[in-house]
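Participant:
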Amino acid sequence: MRQKMRKLLKLILTLLLFSSLFQTSPAQAEQWTFLSPSHVFAPLLADPREPNNSLEISPDTTRYDLSLGGTLDLFQLKLSDGNQWAVGILGAGYLKIIRYAWASWRLEDSDLWYGFYLSQSSGPFSNRLEYEHGSSHLGDWLFGPAGAQFSQYDQTFTDQQAFPYLRDLIQYTASYQPFDALRLYGGLGYWLYATPTVQLCYIHLGAELYSNYFTVIGVSVRGIFAYDLKIGDQVAGIADQNFQLGFQLKSTPESLSALNLTLDYYNGNSEYGQFYNQSDNRFGFGIAFLP
Amino acid sequence: MELNFTRLKHATLLLIFFLLISAGYLAPPSSFADETWSILPLEPLFAPLIGNFKEPSVSVIPVDNNQNFEANVGGTAELIRWKSASDMEWGVGVFGGAFFLFQDPSLSQLKVIDWTSGFYVSEKTGPFCFRAEFKDEKSDLGDEYEYTPPANALDFYDWHNNNLTVSFNPTDQFRAFAGGGAKVFWELYDPSESLAFAFCGAELYSSPFSILNDSCRVYGTYYIKYQDQAGGTFDQEIQLGLQWKGDATKRRALRLAAVYYNGYSPYGRFSDQPNDQYLSIGLFIDP
Numbered sequence: 078m079r080q081k082m083r084k085l086l087k088l089i090l091t092l093l094l095f096s097s098l099f100q101t102s103p104a105q106a107e108q109w110t111f112l113s114p115s116h117v118f119a120p121l122l123a124d125p126r127e128p129n130n131s132l133e134i135s136p137d138t139t140r141y142d143l144s145l146g147g148t149l150d151l152f153q154l155k156l157s158d159g160n161q162w163a164v165g166i167l168g169a170g171y172l173k174i175i176r177y178a179w180a181s182w183r184l185e186d187s188d189l190w191y192g193f194y195l196s197q198s199s200g201p202f203s204n205r206l207e208y209e210h211g212s213s214h215l216g217d218w219l220f221g222p223a224g225a226q227f228s229q230y231d232q233t234f235t236d237q238q239a240f241p242y243l244r245d246l247i248q249y250t251a252s253y254q255p256f257d258a259l260r261l262y263g264g265l266g267y268w269l270y271a272t273p274t275v276q277l278c279y280i281h282l283g284a285e286l287y288s289n290y291f292t293v294i295g296v297s298v299r300g301i302f303a304y305d306l307k308i309g310d311q312v313a314g315i316a317d318q319n320f321q322l323g324f325q326l327k328s329t330p331e332s333l334s335a336l337n338l339t340l341d342y343y344n345g346n347s348e349y350g351q352f353y354n355q356s357d358n359r360f361g362f363g364i365a366f367l368p
Numbered sequence: 300m301e302l303n304f305t306r307l308k309h310a311t312l313l314l315i316f317f318l319l320i321s322a323g324y325l326a327p328p329s330s331f332a333d334e335t336w337s338i339l340p341l342e343p344l345f346a347p348l349i350g351n352f353k354e355p356s357v358s359v360i361p362v363d364n365n366q367n368f369e370a371n372v373g374g375t376a377e378l379i380r381w382k383s384a385s386d387m388e389w390g391v392g393v394f395g396g397a398f399f400l401f402q403d404p405s406l407s408q409l410k411v412i413d414w415t416s417g418f419y420v421s422e423k424t425g426p427f428c429f430r431a432e433f434k435d436e437k438s439d440l441g442d443e444y445e446y447t448p449p450a451n452a453l454d455f456y457d458w459h460n461n462n463l464t465v466s467f468n469p470t471d472q473f474r475a476f477a478g479g480g481a482k483v484f485w486e487l488y489d490p491s492e493s494l495a496f497a498f499c500g501a502e503l504y505s506s507p508f509s510i511l512n513d514s515c516r517v518y519g520t521y522y523i524k525y526q527d528q529a530g531g532t533f534d535q536e537i538q539l540g541l542q543w544k545g546d547a548t549k550r551r552a553l554r555l556a557a558v559y560y561n562g563y564s565p566y567g568r569f570s571d572q573p574n575d576q577y578l579s580i581g582l583f584i585d586p
C-alpha cells in the first residue's frame, strides 16, 4: 500500500513539475473542446508501441503484427496565446500472430497497455507526458517445457515458459516540427514498476519526413519516412530501431484520417513482453489507419 | 453427404439473402448527379452496434466483483465511401478487435483472449442501413491456465462466418436492428450443430441535454443472439447509461453504463459453458 502511495505521489509530482513549465494565467483561456478528433500531440508514426490500428505482414507471410487501439484527447484547451493543452487516454492491444498454414493463424503473444497523458503544444513544439500500465501474455499453443520443440504443418516451433510481465511506465516525449515536412522528437521512459526487473529508464528518439502532396485518382498522397530509436528499453545496451518508408493517403491534405502504406524494418529486441530479451529483426509491409 | 447438404443449404441461404438485399438496388438510381467517391471517412456508414459485446470497440468492464476484468480494444476503419445517388451511400471497410478477460484489473493473469478481424460492405438508404461482413473469430487461453488447463474449455476455437445486419434508424432516438449469419461453406464442422446464428436488438436515446456545455444523452440498448450450438444458446446484453459527446452531430463519444450480461460465455473457448451472468459498470469509447 505504502509503495503504491509513493508511486502515486511520484506521478503527481512529475505531472505538477511538467505542468508548471507551461503555466498560463486563467485569463488566457479561450476554448475548451471535449473529445476532439484531433490531437494536441500528434501520434508518432514509427514507434511500435504507439497505440494505433495497424497491421504489419512479413514478406514470408508467416508473421503478422497486429496493433489495435489509439489515443484520444478527452479535453483540449486552446489559449489565446497559441498554447494548446490536452488530457487524454490511451489503450492498445498488440498481437503477435503466426500463420502456420493457409488461412490458419495462432497467437504467440498478446500485450495490453492502457494509460493517460497530458500534452501541450505551442508553435512547432509539442510535449506529451504519459503514464501507462501494461502486461504481456504468451499464446497458449506455446505452453510447454521451455525449449521443447514441436512440429505442426511442416514447421517447427519452440515452447516457452510464460512468466509474469507487468509494467508501469512514465514516458515523456518532446517534439519539434519546424515545418510540415520534418518532425523530430526525443524523450525518456522511466519504469515505475517492472516485473521482471529491468533497468530504470531508456532514451527515445525519432524523426518523420514528409514529401509534398500529390494527387492520384482524386486521393491526396504524400511520401513518408519515419525512424524510431529506443536505447536501453528494458535491456541495457540494446538499440531498438524501426524504419518506415512509404505513402500516406488522405481524402484531402487537411483530413484528420489517413492510411499509411509502408515498408517496415525493425531491428533490436522484441517489443513483445514475453520475448523482450530475445532479438527480433524483421522486414514487413505495414498498413496503418490514423488517427 | 449430410455435411455436404448442410453446407449447400447454408451457401444457398446466404446467396438468397444477398440477392434479396441487392435486388432492391439493381435498378439504376434516379440520378447520378450526386455521385461522389471519398476515402477514409472519419465515421463508418453503418454505425457499430454498441450493445453487441463482440462488436470491435474500446471498453473496460470489471465483472464478478472485480474477480474478472474485461478490456476490449479495436475498431472499424472505412476505406471507401461511394455516394451512388442522392439518397444512397455505400461503404467498404475493415475491422479488428481483441477481447481480453483478466483475473483482475492489474492485468497480471490473462484468462482468455478472443480476437477477430474481417471486412464489410455496407449500404444506407434513408433510415435503412445494411452491413454484410466476412468475419474471422479466434480464441486463445491465457497464461492463467498454463499449468492447469480448464476442463470446461474447448480445445480449439477458430471459425469464419458471413453475416448480415439490417438496421432501421428512423429518428436520432431509436434504432432497431436484426441479422444473422453462418459459417462459411468451406469450413468443416459438426453437422449436428450448424453454428448458424441470428440476433436482434435496439438502441434508445433520450433527448440531448447539456453538461458543461457538452451534449449528453441517457441511452439503453438490448441485444439478443441465438446460435445453433450446444443444443441452442441464447445470449443477451443490456446497457443503461450516459453517452457524452463533444459534438452532438458526431459519433465520437464516451459512455458510462450499467451492463447486464446473461447467457453462455461470450469467449470462444468457453462458448459452450452456460450460466455466465454479471451486472457491472462499463466505460466505453466510441472513436
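Here the protein sequences come in this chain order: A and B. For any residue, its number in the numbering used here is found by taking its place in the first sequence, counting from 1, and adding 77. For any residue, its number in the numbering used here is found by taking its place in the second sequence, counting from 1, and adding 299. C-beta: ideal position from N, C-alpha, C; glycine also.
#1: For Tyr504 of chain B, which residues of its own chain have a beta-carbon under 6 Å away from its beta-carbon, when the five flanking residues on both sides are left out?
#2: Taking the alpha-carbon positions, what's the Gly295 of chain A to Met387 of chain B distance?
#3: On a CA-only basis, which of A:Gly221, A:Gly309, A:Tyr287 is nearest Ala303 of chain A? Give me that one, please.
#4: Kindly indicate which three-state DSSP category Trp218 of chain A falls into: helix, strand or coil?
#5: Would you kindly report the start and end of the unbroken beta strand (DSSP E) that includes Ile280 of chain A?
#6: At a Cβ threshold of 8 Å, is His116 of chain A touching chain B?
#7: Does the count of Cβ pairs from the segment 408-420 of chain B and the segment 171-189 of chain A closer than 8 Å reach three?
#8: Assign Pro586 of chain B to buried or exposed, taking buried as 16 or more other Cβ atoms, counted over all protein chains shown, within 10 Å of its Cβ.
#9: What beta strand (DSSP E) runs, 3 residues minimum, are completely inside the segment 98-165 of chain A?
#10: Under 7 Å between beta-carbons, which chain B residues line up against Pro241 of chain A? List them in chain order, please.
#11: How far does the beta strand (DSSP E) with Phe427 of chain B in it reach, from first residue to last?
#12: Run the CB neighbour count on Trp179 of chain A, radius 10 Å, all protein chains shown included, and call it buried at 16 or more, exposed below.
#13: Out of curiosity, what's the CA-to-CA distance linking Leu98 of chain A and Ile537 of chain B?
#14: In terms of residues, what are the limits of the beta strand (DSSP E) holding Lys353 of chain B?
#15: In chain B, which residues lie with their C-beta within 7 Å of the C-beta of His281 of chain A?
#16: Under 8 Å between C-beta atoms, does Glu354 of chain B make it to chain A?
#17: Using a C-beta cutoff of 8 Å, does Lys544 of chain B count as contacting chain A?
#18: Please determine, among B:Asp575, B:Pro507, B:Ser421, the residue with the shortest C-alpha to C-alpha distance to Gly545 of chain B.
#19: Can you tell me the Cβ-Cβ gap for Asp305 of chain A and Asp142 of chain A, rounded? I've got them flagged as a contact below 8 Å.
#20: So for Asp585 of chain B, helix, strand or coil by DSSP?
#21: Between Phe324 of chain A and chain B, is any beta-carbon pair separated by less than 8 Å?
#22: Between Arg126 of chain A and Glu285 of chain A, how many whole angstroms is the CB-CB distance? I'm expecting something under 8 Å.
#23: So what does Tyr518 of chain B bridge to, in DSSP terms?
#24: Can you check whether the CB of Tyr194 of chain A is closer than 8 Å to the CB of Gly165 of chain A?
#25: Does the beta carbon of Trp182 of chain A sit closer than 8 Å to a beta carbon anywhere in chain B?
#26: Anything in chain B within Cβ reach of Phe220 of chain A, meaning under 9 Å, just list it in chain order.
#27: By the criterion of Cβ-Cβ separation under 7 Å, what are the contact partners of Ile584 of chain B in chain A?
#28: Three or more C-beta pairs under 8 Å: does that hold for the segment 317-329 of chain A against the segment 147-166 of chain A?
#29: Report all residues from its chain with a CB closer than 6 Å to the CB of Arg244 of chain A; omit the five preceding and five following residues, and keep chain order.
#30: Strictly below 7 Å CB to CB, what residues from chain A border Asp513 of chain B?
#31: In whole angstroms, what separates the C-alpha of Leu553 of chain B from that of Gln153 of chain A?
#32: What residues of chain B sit near Leu215 of chain A, judged by a beta carbon separation below 8 Å?
#33: Kindly indicate if chain A contains any beta-carbon less than 8 Å away from that of Leu453 of chain B.
#34: Once DSSP output is grouped into helix, strand and coil, what is the label at Gly309 of chain A?
#35: Compile a chain-ordered list of the residues in the segment 347-358 of chain A whose CB is closer than 9 Å to at least one CB of chain B.
#36: Which residue's Cα is closest to the Cα of Ala557 of chain B: B:Lys353, B:Ser385, B:Pro361, B:Leu339?
Facilitator: Working from what's here:
#1: Correct list, in chain order: Gln472, Arg516, Tyr518.
#2: Going by C-alpha positions, Gly295 of chain A is about 21 Å away from Met387 of chain B.
#3: Of A:Gly221, A:Gly309, A:Tyr287, the residue nearest in Cα terms is A:Tyr287.
#4: Three-state DSSP puts Trp218 of chain A in a helix.
#5: That run of the beta strand (DSSP E) goes 278-287.
#6: Taking Cβ atoms only, chain B never reaches closer than 8 Å to His116 of chain A, which makes this a no.
#7: Contact between the segment 408-420 of chain B and the segment 171-189 of chain A is established, with three or more Cβ pairs separated by less than 8 Å.
#8: Buried is the call here.
#9: For the segment 98-165 of chain A, whole beta strand (DSSP E) runs of length 3 or above, ordered along the chain, are 106-111, 130-134, 140-156.
#10: Here the neighbours are Ser407.
#11: Where Phe427 of chain B is concerned, the enclosing beta strand (DSSP E) stretches over 427-440.
#12: Flag for Trp179 of chain A reads exposed.
#13: Note that Leu98 of chain A scores a pLDDT of 48, beneath 50, so its modelled location is shaky; the value from the coordinates is reported in the next line. Roughly 46 Å between the two C-alpha positions.
#14: Taken as a continuous stretch (DSSP letters only), Lys353 of chain B belongs to no beta strand (DSSP E), as it is neither H nor E.
#15: Contact annotation for His281 of chain A against chain B: no contact, minimum CB-CB distance about 23 Å [criterion: below 7 Å].
#16: Closer than 8 Å: no.
#17: Using beta-carbon distances, Lys544 of chain B counts as an interface residue toward chain A, with a partner under 8 Å.
#18: For Gly545 of chain B, the nearest C-alpha among the options comes from B:Pro507.
#19: Cβ atoms of Asp305 of chain A and Asp142 of chain A stay farther apart than 8 Å, at about 14 Å.
#20: DSSP places Asp585 of chain B in strand when its eight states are reduced to three.
#21: Residue-level contact check: Phe324 of chain A does not touch chain B, since none of the beta carbons of chain B fall below 8 Å from its beta carbon.
#22: Arg126 of chain A to Glu285 of chain A, Cβ: 16 Å. No contact.
#23: Here Tyr518 of chain B is bridged, per DSSP, to B:Tyr504, B:Gly540.
#24: Contact: yes.
#25: Yes - at least one Cβ of chain B is within 8 Å of the one on Trp182 of chain A.
#26: Near Phe220 of chain A (Cβ distances below 9 Å), the residues of chain B are Leu440, Asp442, Tyr444, Glu445, Tyr446, Pro448.
#27: Leu149, listed in chain order.
#28: Taking 8 Å as the limit for Cβ pairs, the verdict is that the segment 147-166 of chain A does not touch the segment 317-329 of chain A.
#29: For Arg244 of chain A, where only same-chain residues beyond five positions count, the Cβ hits under 6 Å are Gly211, Ala271.
#30: Here the neighbours are Phe111.
#31: Distance between the alpha carbons of Leu553 of chain B and Gln153 of chain A is about 15 Å.
#32: Near Leu215 of chain A (Cβ distances below 8 Å), the residues of chain B are Asp442, Glu445.
#33: No, no contact with chain A.
#34: DSSP places Gly309 of chain A in coil when its eight states are reduced to three.
#35: Result list: Gln351.
#36: Ala557 of chain B has its Cα closest to that of B:Pro361, out of B:Lys353, B:Ser385, B:Pro361, B:Leu339.
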